[in-house]
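Undergrad:
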Amino acid sequence: MNVDYEYYEPDNNWEEKQAQIYNNFIDRMPYTIFSPVNAEDIKARINFEKKEPKAMRFALDGEGNPLAYIQITVEENRVWIGYPWAMENCPSIVQETLYTDMLGYVKSIYPEKQVVMGFISKTWTQPTEFASNHGFQQCQEAFFYGLDLEKVPKPNKDLEYTSRLATESDLPLLLEITNADPALRSAFSDTAEMTNYYINRVIPTGNAVMIFHKNQIVAASAPLQQFYKGINFRFQGLRPGFEKYWDALAYEIAQVCLQRGMEFPLVFTSFDNWKFLEPKVKGLGAKLLDSQNLYCLGTSEFQS
Numbered sequence: 092m093n094v095d096y097e098y099y100e101p102d103n104n105w106e107e108k109q110a111q112i113y114n115n116f117i118d119r120m121p122y123t124i125f126s127p128v129n130a131e132d133i134k135a136r137i138n139f140e141k142k143e144p145k146a147m148r149f150a151l152d153g154e155g156n157p158l159a160y161i162q163i164t165v166e167e168n169r170v171w172i173g174y175p176w177a178m179e180n181c182p183s184i185v186q187e188t189l190y191t192d193m194l195g196y197v198k199s200i201y202p203e204k205q206v207v208m209g210f211i212s213k214t215w216t217q218p219t220e221f222a223s224n225h226g227f228q229q230c231q232e233a234f235f236y237g238l239d240l241e242k243v244p245k246p247n248k249d250l251e252y253t254s255r256l257a258t259e260s261d262l263p264l265l266l267e268i269t270n271a272d273p274a275l276r277s278a279f280s281d282t283a284e285m286t287n288y289y290i291n292r293v294i295p296t297g298n299a300v301m302i303f304h305k306n307q308i309v310a311a312s313a314p315l316q317q318f319y320k321g322i323n324f325r326f327q328g329l330r331p332g333f334e335k336y337w338d339a340l341a342y343e344i345a346q347v348c349l350q351r352g353m354e355f356p357l358v359f360t361s362f363d364n365w366k367f368l369e370p371k372v373k374g375l376g377a378k379l380l381d382s383q384n385l386y387c388l389g390t391s392e393f394q395s
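Counting from 1, position 258 in the sequence shown corresponds to residue 349 in my numbering; the numbering is continuous, with no gaps.
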């Protein structure tokens, strides 16, 4: 088979090819919490991440049909290298070529950064075996719990708070709660990146919830129904010492979703403040929907 390897370029329909490849793959896999993707969402994510020219590479057959792709995402301390997602008819050597070339690029440009792959559903044997066969070790688990919107309880009446939806004029408050929460703050490189995220992605949806205690913002989030088969917290900001106001945040998020006719369950993940949230989520009777692994190349340094 003749194979052409090409890097992503804007406005060349690569997003459609990526969606075709990924959706073909997950259609052949056991259940996962991840939803099928579409070209519009892929393009928005690429624009937000401002991916470098060589961060995405595709393999095409001799007639220009998509076979596989791989991409990387660069963070402050690590690089996420994707599993080389492939169509059912793609030769394994094509996946190997994409991965080997991309890993070589990562090591030459970012030699000091940890390389990770995932999160990958535990039931997906092809990607998990690929990670293991290429020197990756499991270094973190993620759990996804779902709860029907109607079952998210109203907070205890003794919890005094007010809430409202954020508008563009509330950007300073969103920046305040982001900087107050160490986990959320670490997701951004600087204030400019935070500002871009809230102004261009979060606030325009009109569903970002802010929780206040005595006029001080103590929590914030927004529902997102995009990547999961459910509604997840797009981001989560909690002021240290005010963790109990998460109850109000979850309830108000659920109310916004119900008012807008959303029917999927609210999905809680182990990514954010899980030690604090896990007993709460389980106590609400949430159902385990999926479990996934993160793999670190050659080390389990990030194990948690």
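Backbone N, C-alpha and C define an ideal beta-carbon position, used for all residues, glycine too.
Within the same chain, show all residues whose beta-carbon is closer than 8 Å to that of residue 267, passing over the 5 residues directly before and after it, in chain order.
TA: In the sequence shown, residue 267 corresponds to position 176, counting from 1. Excluding residues within five positions, the ones whose Cβ falls inside 8 Å are 308.
Undergrad: Between residue 109 and residue 331, what straight-line distance do the alpha-carbon atoms span, to the nearest angstrom?
TA: By one-based count along the sequence shown, residue 109 stands at place 18. By one-based count along the sequence shown, residue 331 stands at place 240. Taking the straight line joining both Cα atoms gives about 40 Å.
Undergrad: What's the gap between the Cα of residue 154 and the Cα of residue 132?
TA: Residue mapping note: residue 154 aligns to position 63 of the sequence shown, counting from 1. Residue mapping note: residue 132 aligns to position 41 of the sequence shown, counting from 1. The C-alpha of residue 154 lies about 26 Å from the C-alpha of residue 132.
Undergrad: When the distance is taken between beta carbons, is residue 205 closer than 9 Å to residue 169?
TA: Along the sequence shown, read from residue 1 onward, the residue named residue 169 stands at position 78. Along the sequence shown, read from residue 1 onward, the residue named residue 205 stands at position 114. Going by C-beta atoms, residue 169 is nearer than 9 Å to residue 205.
Undergrad: Let me check understanding here. Comparing Cα to Cα, which of 272, 249, 165 lies closest to residue 339?
TA: As a position in the sequence shown, residue 339 is number 248, starting the count at 1. Measuring from the Cα of residue 339, the nearest candidate turns out to be 249.
Undergrad: Compare the beta carbon distance of residue 334 and residue 367 with 9 Å and say whether it is the shorter of the two.
TA: As a working note, residue 334 is residue 243 in the sequence shown. As a working note, residue 367 is residue 276 in the sequence shown. Against a cut-off of 9 Å, the Cβ pair of residue 367 and residue 334 comes out as a contact.
Undergrad: Assign residue 100 to buried or exposed, taking buried as 16 or more other Cβ atoms, counted over all protein chains shown, within 10 Å of its Cβ.
TA: Against the sequence shown, residue 100 aligns to sequence position 9. With fewer than 16 other Cβ atoms within 10 Å, it is exposed.
Undergrad: Can you tell which of 328, 327, 237, 269 has its C-alpha closest to the C-alpha of residue 372?
TA: Residue numbering aside, residue 372 sits at position 281 when the sequence shown is read from its first letter. Comparing Cα positions, the closest option is 237.
Undergrad: Please determine, among 188, 222, 150, 344, the residue with the shortest C-alpha to C-alpha distance to residue 426.
TA: Outside the displayed range of the chain (92 to 395) lies residue 426, so it cannot be described from this structure.
Undergrad: For a quick check, are the C-beta atoms of residue 324 and residue 355 less than 9 Å apart?
TA: Stepping through the sequence shown from its first residue, residue 324 is reached at position 233. Stepping through the sequence shown from its first residue, residue 355 is reached at position 264. Result no, Cβ atoms of residue 324 and residue 355 do not sit closer than 9 Å.
Undergrad: Within its chain, find whatever has a CB closer than 6 Å to the CB of residue 321; leave out the 5 residues flanking it on each side and keep chain order.
TA: The residue given as residue 321 occupies position 230 in the sequence shown. So the list reads 237, 355, 356, 358, once near-sequence residues are dropped.
Undergrad: DSSP three-state label for residue 323, please.
TA: For this step, residue 323 is matched to residue 232 along the sequence shown. Note: residue 323 maps to strand in three-state DSSP.
Undergrad: Quick check on the DSSP output: the alpha helix (DSSP H) that includes residue 245 runs from which residue to which?
TA: Residue mapping note: residue 245 aligns to position 154 of the sequence shown, counting from 1. Careful: residue 245 lies outside any alpha helix (DSSP H) and carries neither H nor E.
Undergrad: Considering only C-alpha positions, which residue in the set 174, 329, 258, 291 is nearest to residue 186?
TA: Looking up residue 186 in the sequence shown gives position 95. Out of 174, 329, 258, 291, 174 has the C-alpha closest to the C-alpha of residue 186.
Undergrad: Cβ-heavy atom distance between residue 293 and the ligand SAH below 8 Å?
TA: The ligand SAH is absent from the structure shown, which contains no ligand whatsoever.
Undergrad: Can you grab the Cα-Cα spacing for the pair residue 203 / residue 196, in whole Å?
TA: To locate residue 203, count along the sequence shown from 1; it is residue 112. To locate residue 196, count along the sequence shown from 1; it is residue 105. Distance between the alpha carbons of residue 203 and residue 196 is about 13 Å.
Undergrad: Is the stretch 379-386 close to the stretch 212-223, with three or more CB pairs under 8 Å?
TA: yes
Undergrad: Please determine, among 112, 253, 300, 264, the residue with the shortest C-alpha to C-alpha distance to residue 286.
TA: The residue you call residue 286 lines up with position 195 of the sequence shown. Taking each of 112, 253, 300, 264 in turn and checking the Cα distance to residue 286, the smallest one comes out for 264.
Undergrad: Could you check which residue in 151, 138, 244, 289 has the C-alpha nearest to that of residue 374?
TA: The count along the sequence shown starts at 1 and reaches residue 374 at position 283. When only C-alpha atoms are compared, the closest one is 244.
Undergrad: Buried or exposed: where does residue 139 fall if 16 or more other Cβ atoms within 10 Å of its Cβ makes it buried?
TA: Counted from its first residue, the sequence shown places residue 139 at position 48. Result: exposed.
Undergrad: Indicate the three-state DSSP secondary structure (helix, strand or coil) for residue 376 in the structure shown.
TA: The count along the sequence shown starts at 1 and reaches residue 376 at position 285. DSSP places residue 376 in coil when its eight states are reduced to three.
Undergrad: According to the neighbour-count rule (16 or more other Cβ atoms, all chains shown, within 10 Å of its Cβ), is residue 380 buried or exposed?
TA: The count along the sequence shown starts at 1 and reaches residue 380 at position 289. The residue is buried, with at least 16 neighbouring Cβ atoms inside 10 Å.
Undergrad: Applying the 10 Å Cβ sphere with the 16-neighbour rule, what's the burial state of residue 106?
TA: As a position in the sequence shown, residue 106 is number 15, starting the count at 1. By the neighbour-count criterion, in which 16 or more other beta carbons inside 10 Å mark a residue as buried, residue 106 falls on the buried side.
Undergrad: What's the gap between the Cα of residue 121 and the Cα of residue 261?
TA: Sequence index remark: in the sequence shown, residue 121 carries index 30 (1-based). Sequence index remark: in the sequence shown, residue 261 carries index 170 (1-based). If you take the alpha carbons of residue 121 and residue 261, they lie about 42 Å apart.
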